[in-house]
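In what follows, a single structure is set out as structure tokens and then discussed.
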Amino acid sequence: MRAALAPGVRLLRALPRDSRYRGLTLVLTFLSYTSYHLSRKPISIVKSQLHPNCSALGPNPHNDSNNTNWCSWAPFDGENYKELFGALDNAFLVAYAIGMFISGIFGERLPLRYYLSGGMVLSGLFTALFGLGYFWDIHVLWYFIVVQVCNGLVQTTGWPAVVACVGNWFGKGKRGLIMGIWNSHTSVGNILGSLIAGAWVSSAWGLSFVVPGIIIITVGIICFFFLVEYPEDVDCSPPLHHVSHANSHEKDPEAVTSNEGPLSISGQSSVDHTNSPKEPAEEPEAISFLGALRIPGVVEFSLCLLFAKLVSYTFLYWLPLYIVNVAHFGAKEAGDLSTLFDVGGILGGIFAGLISDYTGGRATTCCVMLVVAAPMLFLYNHVGQNGIGTSIAMLIICGALVNGPYALITTAVSADLGTHESLKGNAKALSTVTAIIDGTGSVGAALGPLLAGLISPTGWNNVFYMLIAADVLACLLLARVVVKEARGWCGPMARQRGY
1 MRAALAPGVR LLRALPRDSR YRGLTLVLTF LSYTSYHLSR KPISIVKSQL
51 HPNCSALGPN PHNDSNNTNW CSWAPFDGEN YKELFGALDN AFLVAYAIGM
101 FISGIFGERL PLRYYLSGGM VLSGLFTALF GLGYFWDIHV LWYFIVVQVC
151 NGLVQTTGWP AVVACVGNWF GKGKRGLIMG IWNSHTSVGN ILGSLIAGAW
201 VSSAWGLSFV VPGIIIITVG IICFFFLVEY PEDVDCSPPL HHVSHANSHE
251 KDPEAVTSNE GPLSISGQSS VDHTNSPKEP AEEPEAISFL GALRIPGVVE
301 FSLCLLFAKL VSYTFLYWLP LYIVNVAHFG AKEAGDLSTL FDVGGILGGI
351 FAGLISDYTG GRATTCCVML VVAAPMLFLY NHVGQNGIGT SIAMLIICGA
401 LVNGPYALIT TAVSADLGTH ESLKGNAKAL STVTAIIDGT GSVGAALGPL
451 LAGLISPTGW NNVFYMLIAA DVLACLLLAR VVVKEARGWC GPMARQRGY
């Protein structure tokens, strides 16, 4: 007797062919960027183990009573360990910021499947090399700096590649909510990275890097075998922005958009399907760097993201150490607690996308969340450690307010600007626009942890004052765009009242 067809298979057969491939693209790109962020998180978890509180571990077994840092990992066993941690962060983030401006150009001109999967394999290799320093008993700073620089450069392959790939598959429509959900890969990766690194941080911290390195290599190999770059390669219908500009007034009623590029969830194809893939269609000409800068709003949102990402990445790299120093938790407990900031980031990204879809005000949504974030950061620093319940609530709220605007700018806003009407439907601008916005933001991501490393010896209060100032500056940089959006709302209201 033969069993009935599996329910999952029946569901797949019921889905239109285009929807299956679009779903596969979303899943693969989600897993890809989740693994990228998963591999970036261990350094923030391991910091507290590289320079722990040795007095809490008992007497020095080496009978050297003058050495209070006997349990620390050289070269991070000196009094300047915070500055060295800042140098490690900065080595990665400066390389990432510089490489991002170049990466978007390569992402539009090289096969995305090779570019993304190759970058993931190299990222996994350099992530694992940092952890192998533990097993090889390496105690020289330059080794860890060089590994961080190389890792920062190869990690720039991720964002422009997934943006361009998703942009190739999905057409115009509502962006914010769908992109907010899709963009949760950032926070999901941070959470998984914290949990995986925390599992080995106290026993063998090298595995906190080696295991994430193996994971990103594995996902990269999966992408190499299954990622489809263009709908035309498998006889699927192209999205709306791939059709001629003359037809751009025809709207797809089922169009939705993804993180970096517009999404169409319509399953019906306007082309004939065959069983064999066909050769890729001729690609439109890629936009120049200066041409992308001329798109209205690119400069404003790029500068805003610089300060928004400064705040976000300072929390990414320094929050576990802050919790250890202020709340006096262990390294694993601090890592687990820091994941709540990323849980808030998921909720904030979805909320920001939903509100901006409803109001049509991307800049206004970002500005309001940034304004509210400033006093919440002040409160978290002063009352956030009064109890575990207060700490949990404040971490989630701060994560939502800090990462919500960051998520919205790197997703829905990038898609809006990368498919701006001035481009006449040329989706080849997506990767360059996204690289400019995220690259500028990465300058802030490099500055934040560096400044935190320099300022933290003077007290954590000063670090939070720096973060609050950055939030305010991010909001001010969007003032012109907010005014423009407000005028757009006031115009229809005035006409309705007969003015």
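In this note's numbering, the protein residues as written are 1 to 499.
Glycine is no exception: its CB is placed at the ideal position from the N, C-alpha and C atoms.
Just so it is clear, the structure is predicted and the values come from calculations on it, not from any experiment.
Could you round the C-beta distance between residue i and residue j to whole angstroms and report it? I think they count as a contact, below 8 Å.
i, j, result
"VAL501", "THR34", "Residue 501 is absent from the structure shown; the chain starts at 1 and stops at 499."
"SER302", "ILE437", "5 Å"
"SER186", "ASN151", "Strictly speaking, residue 186 in this sequence is Thr, with Ser absent from that position. Not really, about 17 Å apart at Cβ, beyond 8 Å."
"CYS304", "ALA474", "5 Å"
"VAL298", "LEU417", "5 Å"
"TYR143", "GLY133", "6 Å"
"LEU395", "PHE341", "5 Å"
"LEU141", "LEU84", "7 Å"
"SER391", "GLY399", "Not a contact, Cβ separation roughly 12 Å."
"VAL163", "SER414", "7 Å"
"ILE346", "SER184", "4 Å"
"GLU232", "GLY361", "Not confirmed; about 35 Å, so no contact."
"SER208", "GLY131", "6 Å"
"TRP460", "TYR322", "6 Å"
Is the beta carbon of residue i sitting closer than 8 Å to the one on residue j?
i, j, result
"ALA161", "GLY107", "yes"
"CYS236", "ARG113", "no"
"GLY193", "LYS41", "yes"
"PHE76", "LEU50", "yes"
"VAL201", "ILE45", "yes"
"LYS332", "GLY198", "yes"
"LEU379", "PRO405", "no"
"VAL472", "ALA374", "yes"
"THR411", "GLY206", "no"
"GLY23", "MET120", "no"
"GLY441", "LYS309", "yes"
"VAL311", "GLY448", "yes"
"LEU377", "ILE295", "no"
"ALA91", "ILE43", "no"
"ILE196", "GLY124", "no"
"VAL154", "LEU122", "yes"
"THR314", "ALA95", "no"
"VAL443", "ALA97", "yes"
"CYS366", "LEU478", "yes"
"GLY488", "ASN403", "no"
"LEU337", "PHE329", "yes"
For residue i, which three-state DSSP category applies?
i, result
"ARG294", "coil"
"ILE138", "coil"
"HIS185", "helix"
"SER44", "helix"
"TYR230", "coil"
"PHE76", "coil"
"GLY124", "helix"
"PHE329", "coil"
"ASP235", "coil"
"TRP200", "helix"
"GLN155", "helix"
"GLY348", "helix"
"CYS398", "helix"
"CYS71", "coil"
"PHE37", "Reading the sequence as shown, one finds His at residue 37 and not Phe. HIS37 falls in the helix class under three-state DSSP."
"ASP272", "Confidence at ASP272 is low in this model, with a pLDDT of 44, below 50, so the placement of that residue should be treated as unreliable; the coordinate-derived value is given next. Reduced to three states, the DSSP call for ASP272 is coil."
"PRO52", "coil"
"GLY148", "Per the sequence shown, the amino acid found at residue 148 is Gln instead of Gly. Of the three classes helix, strand and coil, the one that applies to GLN148 here is helix, per DSSP."
Under the rule that 16 or more other beta-carbon atoms within 10 Å means buried, what is residue i, buried or exposed?
i, result
"PHE226", "exposed"
"VAL188", "buried"
"PRO7", "exposed"
"ASN190", "buried"
"THR434", "buried"
"GLY348", "buried"
"PRO457", "exposed"
"PHE30", "buried"
"SER103", "buried"
"CYS359", "At residue 359 the sequence reads Thr, which differs from the Cys that was named. Exposed is the call here."
"HIS139", "exposed"
"CYS165", "buried"
"ILE388", "exposed"
"LEU135", "For the record, residue 135 in the displayed sequence is Phe; it is not Leu. By the neighbour-count rule (16 or more Cβ atoms within 10 Å), PHE135 is not buried but exposed."
"ASP137", "exposed"
"ASN386", "exposed"
"SER39", "buried"
"VAL210", "buried"
"GLY439", "buried"
"GLY353", "buried"
"SER32", "buried"
Using a Cβ-Cβ distance under 8 Å, would residue i count as near chain C?
i, result
"ASN151", "In the structure shown, chain C does not exist; there is a single protein chain."
Does the Cβ of residue i lie closer than 7 Å to at least one heavy atom of the ligand ATP?
i, result
"ILE181", "Because no ligand of any kind appears in the structure shown, any question about the ligand ATP cannot be addressed here."
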